[in-house]
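Participant: In this note's numbering, the protein residues as written are 1245 to 1413.
Structure, rendered in structure tokens:
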């Protein structure tokens, strides 16, 4: 099972559904998790001390642990990562002592629907996920209002991602 982690409600959610459908036609199971819908409070160490780790973060961490890899679909916010994604990663990093097992050698496919080119958010996500120990697929899924991705290209990128994620590292 692959997780499609979405950090947006609109065009990026549409892209996530398209990716999910493409995976389905390839016989690959996936699950979309919209990080916005989790409605996680902004990380703060005093909130963690007073209230503990949110149950939705603990559930997400468990789901991530049992997944084969991630497809992260996120819009570009001021040339970088959207706050909701950064916040969820901050909480996950506090979810248990071995949080790195959720990232170390897990394969990550980056995707975005952006108002510009999407390369900045993908570069920022590539850096962050690489630093967390993930293996980030070499090609991104980039779409804009003017540049849609063709189904054949999407299938080739997903096939490459699946190939990388299924090889022993």
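Quick reminder that beta carbons are idealized off the backbone N, C-alpha and C, glycines included.
Run through the DSSP bridge pairs and tell me what residue 1278 is partnered with.
Facilitator: Paired residue(s): 1250.
Participant: Hey, could you find the ends of the alpha helix (DSSP H) residue 1299 is sitting in?
Facilitator: Element bounds for residue 1299: 1299-1309.
Participant: What are the start and end residues of the alpha helix (DSSP H) that includes residue 1404?
Facilitator: First-last of the alpha helix (DSSP H) with residue 1404: 1395-1410.
Participant: In terms of residues, what are the limits of the alpha helix (DSSP H) holding residue 1372?
Facilitator: Counting along the chain, the alpha helix (DSSP H) containing residue 1372 begins and ends at 1363-1375.
Participant: Is it buried or exposed for residue 1263, if we count other Cβ within 10 angstroms and need 16 for buried?
Facilitator: Residue 1263 should be labelled buried.
Participant: Does residue 1387 come out as helix, strand or coil in the three-state DSSP assignment?
Facilitator: Three-state DSSP puts residue 1387 in a strand.
Participant: So the alpha helix (DSSP H) residue 1329 belongs to, where does it begin and stop?
Facilitator: Start and end: 1327-1336.
Participant: Taking 8 angstroms as the cut-off, decide whether the C-beta atoms of residue 1312 and residue 1245 are in contact.
Facilitator: Cβ atoms of residue 1312 and residue 1245: closer than 8 angstroms.
Participant: Can you say whether residue 1387 is buried or exposed, counting buried as having 16 or more other CB atoms within 10 angstroms of its CB?
Facilitator: It is buried - the Cβ of residue 1387 has at least 16 other Cβ atoms within 10 Å.
Participant: Rounded C-beta distance between residue 1380 and residue 1398? I'm assuming under 8 angstroms.
Facilitator: That belief does not hold up - the Cβ atoms of residue 1380 and residue 1398 are roughly 18 angstroms apart, past 8 angstroms.
Participant: Just tell me which of 1377, 1375 and 1396 has its CA closest to the CA of residue 1385.
Facilitator: Taking only the C-alpha atoms, the option nearest residue 1385 is 1396.
Participant: Measure the Cβ-Cβ separation of residue 1376 and residue 1344 and say whether it is below 8 angstroms.
Facilitator: It is a contact, given that the beta carbons lie within the stated cut-off.
Participant: The beta strand (DSSP E) spanning residue 1284 covers which residue range?
Facilitator: Note, residue 1284: premise wrong, no beta strand (DSSP E); not H, not E.
Participant: Taking only the alpha-carbon atoms, compute the straight-line gap between residue 1319 and residue 1293 and give it to the nearest angstrom.
Facilitator: Computed Cα separation, rounded: 31 angstroms.
Participant: Rounded to whole angstroms, what is the Cα-Cα separation between residue 1390 and residue 1341?
Facilitator: Between residue 1390 and residue 1341, the C-alpha separation is close to 44 angstroms.
Participant: Could you check what DSSP says for residue 1349 in three-state terms: helix, strand or coil?
Facilitator: Residue state, collapsed to three classes: coil.
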